[in-house]
Amino acid sequence: MDKMPVRDLTDSDQNQAVLDLASALVEERAAPGRIAAGYGPAVAAEATAAARSRRRLAELTGPVHLTVVWAMYGETGRMVPRAEHPHGEDFVRAKVRQLDWLTGGLPGVTWSIIACDDGCPDRPSSADLMTSIAAAEGYPTEGHRSVTVLRLAEVIGGGTSISPAFDRLTSTEQSRKGGSILAGLATAIRADPTRANGAGRHVVCYTDADLSANLAQLGSLAAPVVTGDDVAGALGQRYGIDGAVLVRADGPVTEPHSTGDKPDKIIILFRHFVRALLIPALAHVLDTQAGFKAFDGTALGPVIGQMASFNETFDVELLVHLAQDCGPRSLAVEPIVFTEDFAATKFPSVEPGPRHLAMVHQVVDLYDRLVAPVAPVTGEAADLLALVRTLDLDDYVTLIKHLRAEDPGDPTLFDRRWPVPHLYDILRR
Numbered sequence: 079m080d081k082m083p084v085r086d087l088t089d090s091d092q093n094q095a096v097l098d099l100a101s102a103l104v105e106e107r108a109a110p111g112r113i114a115a116g117y118g119p120a121v122a123a124e125a126t127a128a129a130r131s132r133r134r135l136a137e138l139t140g141p142v143h144l145t146v147v148w149a150m151y152g153e154t155g156r157m158v159p160r161a162e163h164p165h166g167e168d169f170v171r172a173k174v175r176q177l178d179w180l181t182g183g184l185p186g187v188t189w190s191i192i193a194c195d196d197g198c199p200d201r202p203s204s205a206d207l208m209t210s211i212a213a214a215e216g217y218p219t220e221g222h223r224s225v226t227v228l229r230l231a232e233v234i235g236g237g238t239s240i241s242p243a244f245d246r247l248t249s250t251e252q253s254r255k256g257g258s259i260l261a262g263l264a265t266a267i268r269a270d271p272t273r274a275n276g277a278g279r280h281v282v283c284y285t286d287a288d289l290s291a292n293l294a295q296l297g298s299l300a301a302p303v304v305t306g307d308d309v310a311g312a313l314g315q316r317y318g319i320d321g322a323v324l325v326r327a328d329g330p331v332t333e334p335h336s337t338g339d340k341p342d343k344i345i346i347l348f349r350h351f352v353r354a355l356l357i358p359a360l361a362h363v364l365d366t367q368a369g370f371k372a373f374d375g376t377a378l379g380p381v382i383g384q385m386a387s388f389n390e391t392f393d394v395e396l397l398v399h400l401a402q403d404c405g406p407r408s409l410a411v412e413p414i415v416f417t418e419d420f421a422a423t424k425f426p427s428v429e430p431g432p433r434h435l436a437m438v439h440q441v442v443d444l445y446d447r448l449v450a451p452v453a454p455v456t457g458e459a460a461d462l463l464a465l466v467r468t469l470d471l472d473d474y475v476t477l478i479k480h481l482r483a484e485d486p487g488d489p490t491l492f493d494r495r496w497p498v499p500h501l502y503d504i505l506r507r
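Residue numbers (our numbering): 79 to 507.
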């Protein structure tokens with residue numbers, strides 16, 4: 079028997095099949111088992127997640143507007159169909175179809191898209207190409223189903239205040255991805271359509287430019303924000319919690335395999351160990367970097383003005399501010415189906431190196447700036463902080479390799495904690 083194909087984000091027929099099968103599930107014309115048998119487990123998992131999302135969105139009362147934000151840099155290949163580029167996902171049209179499918183027939187739900195070009199060097203640039211696609215497709219420029227394209231360089235030079243740190247930027251090279259996301263979020267808040275009529279809820283989502291996270295799942299993030307008690311954000315989780323599905327090149331996996339089988343498992347778990355002890359308000363957020371998060375627009379507004387990070391720490395800083403403003407319980411976690419973009423994504427090394435150490439040190443920087451002034455760590459967490467502050471690259475590599483060697487392979491995963499004296503012993507300090 080031939081092996082079922084993996085999820086192919088460049089296959090427009092497969093992308094449409096996910097929505098068609100999700101419709102069959104919503105209308106109870108098909109069973110998940112039969113879909114898995116006919117289309118493979120990856121398509122079935124995504125369709126099941128989309129159907130669940132649609133049901134949850136349909137249960138919400140009152141007007142809801144969904145704004146979706148993403149950043150773009152070097153995305154012209156993935157923006158066109160596969161016939162024009164081997165990595166082409168046609169992602170602008172695909173995302174519009176996903177949102178139309180999710181909200182179709184729900185008169186109280188509207189949506190808009192804001193994409194921000196982060197100084198893309200392509201010619202035409204990502205912004206130019208997306209603008210031409212939106213014009214060719216006749217997408218509106220405002221209101222429901224509107225598609226807006228920003229250029230970060232114009233936002234930086236435009237003089238509109240976003241945050242003190244953002245306002246000091248002088249070029250896109252200083253921003254990395256975070257600056258574009260922040261500009262998109264700020265634009266979304268200013269354009270909040272619920273403010274004009276004084277009714278409804280505004281849910282602002284940011285995601286990645288590719289199709290890894292199907293936007294048809296957005297109902298599952300919007301639901302807890304709209305219905306939950308004081309939920310400021312719902313954070314998609316690719317792994318670590320029940321229901322999360324990570325689609326790899328050889329098919330979908332869940333825990334304990336999603337994390338447990340990763341070659342960089344210890345790198346990920348050690349970073350979470352440091353983050354959980356130094357920033358306890360985020361200890362329950364296992365996948366802080368997932369590119370699929372949704373927020374209550376009212377809660378998000380004040381946080382934007384506090385943001386100072388534009389690198390890999392952007393996500394974590396945003397969550398720290400929300401936790402401090404609204405309480406740790408305001409951050410809900412939601413399982414998602416996430417497909418690793420095999421073709422065009424440049425995966426970081428699975429071996430411990432300077433980038434991984436930098437991410438650990440960025441957690442310490444966030445602790446120093448945001449947590450220490452109000453809730454300085456004590457006890458074991460203080461001991462860990464002292465150790466991590468002095469970690470150089472050789473120490474970090476030694477630590478990760480030693481922890482790998484003694485890894486019991488048990489399913490503890492994100493609950494794993496290493497005694498700080500043991501870490502010192504490894505480094506023979």
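Don't be surprised by glycine CBs; every beta carbon is placed ideally from N, CA and C.
* Can the beta-carbon of P552 be found less than 7 Å from the beta-carbon of V475? -> Nothing can be reported for residue 552: it is not among the residues displayed for the chain, which extend from 79 to 507.
* Is the stretch 371-390 touching the stretch 322-342 in the sense that three or more CB pairs, one from each, lie closer than 8 Å? -> Look at the beta carbons and you see the stretch 322-342 not touching the stretch 371-390: under three pairs across the two are nearer than 8 Å.
* Counted within 10 angstroms of its Cβ, other Cβ atoms place T226 as buried (16 or more) or exposed -> So T226 counts as buried.
* Around the C-beta of G116, are 16 or more other C-beta atoms found within 10 angstroms, so that it is buried, or is it exposed? -> Exposed, by the Cβ-count rule.
* To do: Please work out which residues of its chain come closer than 6 Å, Cβ to Cβ, to C194, disregarding the five sequence neighbours upstream and downstream, and give them in chain order.
  => Closer than 6 Å at Cβ, skipping near neighbours: A149, L228, L230, S258, A261 and G262.
* Leaving out the 5 sequence neighbours to the left and right, which residues in its chain are closer than 6 Å to E124 when beta-carbon positions are compared? -> In chain order, V96, N292 and V415 place their CB closer than 6 Å to the CB of E124, counting only its own chain and leaving out the 5 sequence neighbours on each side.
* Asked: Counting along the chain, where does the alpha helix (DSSP H) carrying S224 start and finish?
  -> Here S224 belongs to no alpha helix (DSSP H); instead the beta strand (DSSP E) covers S224 to R229.
* Asked: What are the start and end residues of the beta strand (DSSP E) that includes Q315?
  -> Under the DSSP assignment, Q315 falls in the beta strand (DSSP E) whose first and last residues are G311 to Q315.
* Which value, in whole angstroms, describes the spacing of the CA atoms of T272 and R482? -> Distance between the alpha carbons of T272 and R482: 51 Å.
* Which whole runs of the alpha helix (DSSP H) in the stretch 377-406 are 4 residues long or more, in chain order? -> DSSP runs (the alpha helix (DSSP H)) wholly in the stretch 377-406: 392-404.
* Asked: Between P489, L471 and L397, which lies nearest to H362 when the distance is taken from Cα to Cα?
  -> Of the candidates P489, L471 and L397, the one whose C-alpha sits nearest the C-alpha of H362 is L397.
* Take the Cβ of E106 as the centre, count every other Cβ of all protein chains shown within 10 Å, and call the residue buried at 16 or more, exposed below. => Exposure of E106 is indicated by the presence of fewer than 16 other C-beta atoms within 10 angstroms of its C-beta.
* Does the stretch 132-142 come close enough to the stretch 179-194 that 3 or more CB-CB pairs lie under 8 Å? -> The stretch 179-194, when compared against the stretch 132-142, does touch it at the 8 Å Cβ threshold.
* Asked: Contact check, P334 vs P119 under 8 Å by CB: the rounded distance?
  -> With a beta-carbon spacing of about 18 Å, P334 and P119 fall beyond the 8 Å limit used to define contacts.
* Asked: Per DSSP, what kind of secondary structure is R279 in: helix, strand or coil?
  -> In this structure, R279 counts as strand in the three-state DSSP scheme.
* To do: Report, in whole angstroms, the separation of the C-beta atoms of A300 and V466, which I expect to be a contact under 8 Å.
  => Between V466 and A300 the Cβ distance is about 37 Å, and since that is not below 8 Å, they are no contact.
* If you follow the alpha helix (DSSP H) that V96 is part of, which residue opens it and which one closes it? -> Counting along the chain, the unbroken alpha helix (DSSP H) around V96 starts and ends at S90 to V104.
* **Proximity test, L501 beta-carbon vs the ligand HEM heavy atom, cut-off 6 Å** => With respect to small molecules bound, the structure shown includes none, and the ligand HEM cannot be examined in it.
* Asked: Within this structure, are the beta carbons of F351 and G256 separated by less than 7 Å?
  -> When the beta-carbon positions are compared, F351 and G256 stay at least 7 Å from each other.
* **Simplified DSSP assignment, three categories, for P499** => Correct three-state label for P499: helix.
* Within its chain, find whatever has a CB closer than 7 Å to the CB of M437; leave out the 5 residues flanking it on each side and keep chain order. => Hits under 7 Å: R349 and E390.
* Quick one: measure Cβ to Cβ for A386 and V84, integer angstroms, because I've assumed they're closer than 8 Å. => Between A386 and V84, the beta carbon gap of about 40 Å keeps them out of contact (Cβ cut-off 8 Å).
* Alpha-carbon to alpha-carbon, T126 and A102 -> Each residue's Cα considered, the two are about 10 Å apart.
* To do: For A410, collect the residues of the same chain with a Cβ closer than 8 Å to its Cβ; drop the 5 residues on either side in sequence, then sort them by chain order.
  => Sequence-distant Cβ neighbours of A410 in its own chain, meaning closer than 8 Å and more than five residues away, are P302, V303, G306, V309, G311, A312 and L313.
* Could you pull the start and end residues of the alpha helix (DSSP H) that D461 belongs to? => Boundaries of the alpha helix (DSSP H) harbouring D461: G457 to R467, taken from the DSSP string.
* To do: Check whether the Cβ atoms of I345 and I504 sit closer than 7 Å, and answer yes or no.
  => No, they are not a contact pair.
* **Under the three-state DSSP convention, the category I259 falls into** => Looking at I259 - three-state DSSP - the assignment turns out to be helix.
* Asked: Of the choices A109, A354 and E412, whose alpha-carbon is the least far from that of S496?
  -> Correcting the residue type first, residue 496 is Trp in the shown sequence and not Ser. The shortest CA-to-CA distance from W496 to any of A109, A354 and E412 is the one to A354.
* Secondary structure at S298, three-state DSSP: helix, strand or coil? -> Reduced to three states, the DSSP call for S298 is helix.
* **alpha helix (DSSP H) segment containing V441, residue limits** => P432 to L444 is the extent of the alpha helix (DSSP H) around V441.
* For A377, I'd like the list of residues in its chain whose CB is within less than 6 Å of its CB, leaving aside the five on either flank, ordered along the chain. => Here the set comprises A310 and C404.
* To do: Give the straight-line distance between the Cα atoms of S131 and R506, rounded to the nearest whole angstrom.
  => Those two C-alpha atoms are separated by around 51 Å.
* G383 to T238 span [Cα, whole Å] -> Between G383 and T238, the C-alpha separation is close to 12 Å.
* **Counted within 10 angstroms of its Cβ, other Cβ atoms place H399 as buried (16 or more) or exposed** => Note on H399: 16 or more other CB atoms within 10 angstroms of its CB, so buried under the neighbour-count rule.
* Less than 7 Å separating the beta-carbons of A287 and E162? -> Contact check for A287 against E162 fails: the beta carbons are separated by 7 Å or more.
* Own chain, CB closer than 8 Å to E395, minus 5 neighbours either side, in chain order -> Within its own chain, the residues whose Cβ lies closer than 8 Å to the Cβ of E395, once the five positions on either side in sequence are excluded, are M385, A386, S387, L444 and L448, listed in chain order.
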